[in-house]
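The listed protein sequences correspond, in order, to chains A and B. Counting along the first sequence from 1, when you hit position 277 you're at 277 in full-length UniProt numbering, and nothing is skipped either side. Counting along the second sequence from 1, when you hit position 63 you're at 63 in full-length UniProt numbering, and nothing is skipped either side. Built from N, CA and C at the ideal position, the CB exists for glycine as well. Note that the structure is predicted; figures quoted are calculated from it, not measured. Take a look at the structure below.
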Amino acid sequence: MEKMPKWADVVLIPLISLLLAAIISGIVILALGSNPIAALKIMVHGALGSQYNFGNTLYYATNFIFTGLAVAVAAHAGLFNIGGEGQAMLGGLGVAIVCLMIPFPHWSLALICSIAGAAAAGALWALVPAYLQAKRGSHIVITTIMFNQIAFALLNYLLVGPLKAPGGMEPASATFPATTHLPNFHDMLAPFGIAFSRGAMANFSFVVAILACVAVWVLIWHTRLGYEMRSLGKSEPAAKYAGISPFKIIMITMAISGGLAGMMALNNVQGEAERLILGSVEGAGFIGIAVALMGRNHPIGIFLAALLFGVLYQGGMSLSQDQTLRIPRELVVVIQALVILFTGALDSMVRMPVEKFFISLRQGKAAKAAE
Amino acid sequence: MTYMDIMLILESTIRIATPLLLACLAGLYSERAGVFDIGLEGKMLLSACIAAAFAYYTGNAWAGLGMAIIATLIMSGIHGLAAITFRGNQLISGVAINFLAAGMTVMLANAWFGQGGRTPQLQGDARFSRLQLPFVDQIKGIDYIGPFYSRVLSGHSILTYAAFVAVPLTWWLLYRTRFGLRLRAVGENPAAVDTAGISVVKLRYAAVGICAVLCAMAGAQLATAVPAAGFVKDMTANRGYIALAALIFAKWRPWQAMWACLLFGVLQAAAIRYQSVDIMGFRIPGQFMDALPYILTVIILAGFVGKAIGPRAGGIPYVKER
C-alpha cells in the first residue's frame, strides 16, 4: 500500500516546499529592509502584468522547459546531468554554425536545420561524459561539471577568435541573416487577428518546446526505449538481467538529454539574440535542475515549473529595476537556490511529516471501521 | 624567459594556489568522510564576502575571518542537514549552496554598502599583510637563492603559510590519529564504524565542520589578503570547481593535493603572464590553459593516467537499518 495518495506526492509536497522557499525569501527581503508584500506585487506585475512582460516570461520559460526536460530524461535513467549549461552553450554553437554557413530561403527551413545542429552539438557534448561513465566508470556529475567549464573556455576562444564578428568589440559572432530569424509572438498571432506586444522576447521556439514536452512524454512512458531507460534508472542489476545493455542506454539517454539542453539555443540564440554571445545561457542549465525537481521529472510538471521559474526570472528583472525597493536581481538566484534546496536536497524533511500525517489519517479511518 | 620571470611566475603560483589548496583540503575532509561537496565554490564565495565586509567594519582582518568561519559553518550546517540528517541528495544540495551564495553575497554587499555588490576598498589592518620571513634583507642580494627566498618563499599572507602547514597536519591527522582512522573509515564503510559503536552522524558533521573552516580561510585569503582589497561579485571565479578537480587529481590525498594545486596554480600563473604560449612554433591559446585543469581531471577520471577511485561510501547517505 502506498504511504500517501499520489496527489500529495505530486502537488502537496512541491507546494509545501515552494511555500517554505517563499517564506524564507520573504524573511530575506525583510532583513534587507524592504517590504516582501510590495516586492511580491512588483514581481507578479512585472511577470504577468502586460503582454510585453508576459511575453518575456514565456521566453524564459522556454529556456527552462528545454533544460528541465534534459535533466528529467537523464534522471529517469538514473543519471544526474549537471552539464546542461555546457550542452546549451554548445547548442548555441551548433545553431550559429548552421545559421551562418547555410543560406536559407525561409525561416522554417532554417529552423529544421538549426534544431538538428543544436541537438547534435548538445548531444555530442553530453556523449563524452556519457561514454566515460558507461565505459570507464567516471562519475558523470564531476565530468559534466568539468565539461561546463571546458565549454566556456571553448566558446570564449571561438568568440574572441575565429567566430568573432569582424569589427565588433564584444565576444560575439556576426548577426545571423534575416532569413533565419524566427517569428516572435507578434508575428505568429497577427494572422489570427491578435495584436501581441511587438517587443516581447517569446518566439516560435516556445512551440518547439511544447512539442518537445509531448515527445519526451511519449518517449518515457510509451516506447520500448523509455521502458528500458526507466528500468536502468530503477535498478541496474535488474535491467541487466532483463537483457538491457546499460552502455547503450546510458549513451542514448545522455545524447537525448544533451540534445534537449542544446535545443535551448533555438530560443536564446536564434530566436532572441540572433547571434551567438558569450554567456548567453545565463545559468539556465542549472535552473533546469530545479525545474525537473519541482516538476517531478514529468513533462507536464516541468512545463508548469518552467512557467513558474519564468515568472520568477522576469518578475525578478522588474524587481531589480524598481527604484523604490532597491532589491538586486540576485534575489531571484536566492529564491532559485531555496527552491532547489527544499524540493531537492531537503525533500525528506518535507516528505516525512506529510507521510506521517497520511498514515495517522488512514489508521484513524481503519480504527473507525473496526468499531 | 629570464630567471626573474620564473621567480615572478612562481610567486604568483603560490598566491593563486593558496585558496585552491585550502578549498581542496576542505573538500578532502568532507569527501573522505563520505559527504560529496560541490558547494566548495559557494562557501568560498560567501566567506570572501563576509570576511571583507566585517574586516571593513571592524578594521581587523581577523574579525573578518572569524565571521566568515561562522557564516560558512552555517552553510555547511545546511549541507549537513540535507546530506547527513535528512539523507537528501548531496549533489543537489551542493548546487543549491552554490546558487545561494552567488545570490546572497551580492544582495548582502549591496544592502550593506550600496556599491553594486562589492565591498569598499580595504586598507591597513583590515587586510592580511605580507609576512616577511627572517633574514630576508641579508639573503635578498645573493644570486639565484636571493630572489627565490625573498619573492617566492617570503612575502605571503599568514593564510598562505597556514595552508601549506595544513598539508602535513592533514596527513598526520588522517593517517596517524584515531580521529583520522575513523574519518576515513566512515567514508569507506560507515556500517562498520557504526557497528563499532561510533556515531557516523557525529563524525560526518565534524568533517563537514572542518571543511567549513578551511573554506572560510580560502575565501578570506581571496578577499582580504594583500594584494586583494575587498570583495567583488563572483570573485571566486570557479576556483571551487578547480579545487574539486585538484582533489580528484590528487586522488583524495593531502600531499598530492598540494602538488595538484601548485600545478594548477602554475598553469594559471603562466596563462595570466603570457596570453598565449608558443611551444615549438605551435601557438596555444590562453583559453586552452584555462581549460587545462578541467581537461586533465577528465583524463584522470577516465583512468587514462591511473585510476581515481573516491571513498567508497562517498555521496551515499547512511541509513542505520539497511
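Taking a cut-off of 8 Å for Cβ pairs, the segment 76-87 of chain B and the segment 312-319 of chain A do not touch, as fewer than three such pairs fall below it.
Cβ-Cβ separation between G219 of chain B and S47 of chain B: approximately 3 Å, consistent with a contact (criterion under 8 Å). Collapsing the DSSP output to three states places D278 of chain B in a strand. Cβ proximity to chain A below 7 Å picks out I295, T297, V298, L301, A302, G303 from the segment 295-306 of chain B. For H139 of chain A, the secondary structure class from DSSP, reduced to helix, strand or coil, is coil. Using beta-carbon distances, L341 of chain A counts as an interface residue toward chain B, with a partner under 8 Å. Take the alpha-carbon of V193 of chain B and the one of V186 of chain B: they are about 6 Å apart. Residues of the same chain with a CB within less than 7 Å of the CB of D290 of chain B, apart from the 5 flanking positions on each side, are A271 in chain order.
Judged by pairs of C-beta atoms under 8 Å, the segment 26-46 of chain A does not touch the segment 172-188 of chain A, as fewer than three such pairs exist. Chain B has no Cβ within less than 8 Å of the Cβ of Q363 of chain A. Going by C-alpha positions, I145 of chain B is about 7 Å away from I139 of chain B. In this structure the segment 238-251 of chain B lies against the segment 26-37 of chain B, because at least three pairs of beta carbons, one per stretch, are closer than 8 Å.
Taking a beta-carbon distance threshold of 8 Å, D347 of chain A counts as an interface residue toward chain B. Excluding sequence positions up to five before and after L325 of chain A, its CB lies within less than 8 Å of the CB of S34, N35, A38, A39, I42, L319, all in the same chain and listed in chain order.
Bridge partners of A225 of chain B according to DSSP: B:F128.
The criterion of a C-beta distance shorter than 8 Å is not satisfied by A308 of chain B and I210 of chain B. Shortest Cα-Cα distance from A121 of chain A to any of A:G91, A:Q149, A:H106, A:V141 involves A:G91. Interface annotation for the segment 50-81 of chain A against chain B: F80, criterion Cβ-Cβ distance under 7 Å. In summary, the residues of the segment 95-107 of chain B whose CB is separated from some CB of chain A by less than 7 Å are V95, A96, F99, L100, A102, G103, M104, V106, M107, in the order they occur in the chain. Secondary structure note for S17 of chain A: its alpha helix (DSSP H) is the uninterrupted segment 13-31.
Within a 10 Å sphere around the beta-carbon of G167 of chain A sit fewer than 16 other beta-carbons, which makes this residue exposed. Collapsing the DSSP output to three states places S245 of chain A in coil. Annotation for K233 of chain B: V106, G117, R118 place their beta carbon closer than 7 Å to its own, counting only its chain and skipping 5 residues before and after. In terms of beta-carbon proximity, N156 of chain A lines the interface with chain B, with at least one pair separated by less than 8 Å. Bridge partners of H156 of chain B according to DSSP: B:L131.
Annotation for E11 of chain B: the continuous alpha helix (DSSP H) segment containing it runs 3-32. A straight line joining the alpha-carbon of I194 of chain A with that of R283 of chain B spans about 56 Å. In this structure, the beta-carbon distance from L183 of chain B to A207 of chain B falls below 8 Å. E371 of chain A and F357 of chain A have their C-alpha atoms spaced approximately 22 Å apart.
If you check the CB distance, I115 of chain A and C213 of chain A do not come in under 8 Å.
For A209 of chain A and Q133 of chain A, the gap between their C-alpha atoms comes out near 28 Å. When Cβ-Cβ separations below 8 Å define contact, R87 of chain B makes contact with chain A. Judged by their CB atoms, S173 of chain A and L276 of chain A are nearer to each other than the 8 Å cut-off.
Not a single C-beta of chain B is nearer than 8 Å to the C-beta of S235 of chain A.
Ranked by Cα distance from Y52 of chain A, the options A:S197, A:G226, A:A290, A:D347 are led by A:S197.
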